[in-house]
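In my numbering, the protein residues as written are 215 to 495. In this text, a Cβ means the ideal position worked out from N, Cα and C, and glycines have one as well. All remarks here apply to the structure that follows.
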């Protein structure tokens, strides 16, 4: 029997601090549990809960006293390794014009389905983690989700909010009906306009090596490159069970360049990028 998982990824970031939280529920077919993963610039923790404290509505997840949703995050965790308390409020969300999966949202039996709830929103509030204060005043937030059975065997994922815009890109090995193909989903907000890059729109990855990915779609070209990782260990689902180890840099050095019709719309290096590079190359 196949397992399943459902989880959200909510990132809050100022010029100097990063906090990402991942509330999730996982079902192996024999047991059902839930968890909250917490990742900062310097550390990461996983806290497991019994499934009976998990509740979900369309716009909120509750795990015990902890709440996550469109209005913000409330954290209240106390274990021997981790004590967190605080509240973060979100400003108006910035959803995409339509489902990031496009027509693939209707394809049955996919290994993993992705959602983007907000590309960019303001964050206000304070959280104390093991005695250290994380303060977000007019900071930026990002909110996405995943559901299915397993994360892709190989993939890259990156996200960044920056002056004038925000972006996310995922390039992954996708198994389907006995074959494998490289699936691409991405969205770029730039000066009030939304650009969509995806396999279902003709996007293709022309380079995946040396921690760099180049994607071309018609007259659009996006380069993303991980320059210096700051990896922390996270857990990811394999057939619903959170037994796979992945490595995320919640705030690291990266380079992004976006071109249209040969003209560069933006190109910059930042130390505020989030990156997972799980390709073997």
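Inter-residue CB distance, residue i and residue j (contact presumed, cutoff 8 Å)
i, j, result
"residue 473", "residue 487", "Not confirmed; about 19 Å, so no contact."
"residue 388", "residue 397", "4 Å"
"residue 386", "residue 369", "4 Å"
"residue 422", "residue 493", "6 Å"
"residue 453", "residue 363", "6 Å"
"residue 284", "residue 330", "Not confirmed; about 13 Å, so no contact."
"residue 300", "residue 342", "6 Å"
"residue 451", "residue 365", "6 Å"
Residue range of the unbroken beta strand (DSSP E) whose run includes residue i
i, result
"residue 384", "379-390"
"residue 286", "286-292"
"residue 267", "Careful: residue 267 lies outside any beta strand (DSSP E) and carries neither H nor E."
"residue 343", "326-343"
"residue 365", "No beta strand (DSSP E) contains residue 365, which DSSP labels as neither H nor E."
"residue 484", "477-491"
"residue 455", "455-474"
"residue 299", "297-304"
"residue 179", "The question about residue 179 has no answer, for the chain in this structure spans 215 to 495."
"residue 227", "218-227"
"residue 246", "246-254"
"residue 277", "274-277"
"residue 235", "232-241"
Proximal residues to residue i (C-beta, below 6 Å), its chain only, five neighbours per side dropped
i, result
"residue 349", "340"
"residue 409", "402"
"residue 483", "469"
"residue 215", "Caution is warranted here: a pLDDT of 48 is assigned to residue 215, below 50, making its placement in the model unreliable, and the coordinate value is therefore given only provisionally. Result list for residue 215: 243, in chain order."
"residue 239", "220, 248 and 268"
"residue 485", "467"
"residue 380", "333, 334 and 403"
"residue 449", "260 and 456"
"residue 231", "348"
"residue 405", "378"
"residue 279", "290"
"residue 499", "Limits of the chain in this structure are 215 at one end and 495 at the other, which puts residue 499 out of reach."
"residue 371", "384 and 490"
"residue 471", "437 and 481"
"residue 252", "235 and 259"
"residue 305", "335 and 336"
"residue 477", "none"
"residue 237", "222, 250, 275, 277 and 282"
"residue 458", "450 and 452"
Nonlocal neighbours in the same chain, by C-beta distance under 8 Å from residue i, ignoring five residues either side
i, result
"residue 167", "Residue 167 is absent from the model: the chain starts at 215 and stops at 495."
"residue 420", "428, 429 and 430"
"residue 281", "274, 275, 287 and 288"
"residue 351", "228 and 338"
"residue 307", "284, 331, 332, 335 and 357"
"residue 496", "Examination of residue 496 is not possible in this model, given that the chain is present from 215 through 495 alone."
Nonlocal neighbours in the same chain, by C-beta distance under 7 Å from residue i, ignoring five residues either side
i, result
"residue 256", "none"
"residue 261", "249, 250, 291, 293 and 296"
"residue 432", "416"
Beta carbon proximity, residue i to chain D, threshold 8 Å
i, result
"residue 466", "Absent here is chain D; the protein component of the structure consists of one chain."
What are the complete beta strand (DSSP E) segments, minimum 3 residues, inside the stretch 391-448?
Whole beta strand (DSSP E) segments, 3+ residues: 393-404, 407-412, 418-423, 426-431 and 434-442.
For the stretch 351-360 and the stretch 216-226, state whether three or more C-beta atom pairs, one from each stretch, are separated by less than 8 Å.
Because the criterion of three Cβ pairs below 8 Å is met, the stretch 351-360 and the stretch 216-226 touch.
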